[in-house]
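Visitor:
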């Protein structure tokens, strides 16, 4: 795992259950949180590809460890489940990064 993904993993593991629940309760809160992390990565000079890798890592974590809290998260989880290749997961992750950059 490269250093950037180690940082993402560390950040996820450092969230308290209350912080995690607040982020997951509302899709706008989730987008805001992810947007802040993407902005932080951009300020560090990370490429869109690297940001997408981080989003992909988070998506894998959420798909394996968290139940969707709302219809938007349910849709994202269903889309994640039907991806058939790593390339499709990368594309979905890239689109998620672009969504929160707006």
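In this note's numbering, the protein residues as written are 657 to 758.
Heads up, the beta-carbon is just placed ideally off N, CA and C, and yes, glycines get one too.
These numbers were taken from a predicted model, which means no experiment stands behind them.
1) So, for residue 712: in the same chain, excluding its five sequence neighbours on each side, which residues have a beta-carbon less than 7 Å away from its beta-carbon?
2) In the DSSP assignment, find the alpha helix (DSSP H) that holds residue 710 and state where it starts and stops.
3) I think residue 692 touches residue 755, with their Cβ atoms under 8 Å apart; what is that distance to the nearest whole Å?
4) Could you tell me which of 724, 662, 714, 708 sits nearest to residue 600, measuring between CA atoms?
5) Does the Cβ of residue 752 have 16 or more other Cβ atoms within 10 Å, making it buried, or fewer, making it exposed?
6) Residue range of the alpha helix (DSSP H) that residue 752 falls in?
7) Assuming contact is defined by CB atoms lying nearer than 7 Å, are residue 710 and residue 664 in contact in what I supplied?
8) Work out the CA separation of residue 718 and residue 705 for me, nearest whole Å.
Guide: Let me spell this out:
1) Within the same chain, residue 712 has close Cβ partners 745, 746, 749.
2) Run containing residue 710: 704-721, per the alpha helix (DSSP H) assignment.
3) The beta-carbon separation of residue 692 and residue 755, rounded to 14 Å, does not stay under the 8 Å limit for a contact.
4) This structure cannot settle anything about residue 600, because the visible part of the chain is limited to 657 through 758.
5) Buried, because 16 or more other Cβ atoms sit within 10 Å of the Cβ of residue 752.
6) Note, residue 752: alpha helix (DSSP H), 742-757.
7) If you check the CB distance, residue 710 and residue 664 come in under 7 Å.
8) So the two alpha carbons sit approximately 20 Å from each other.
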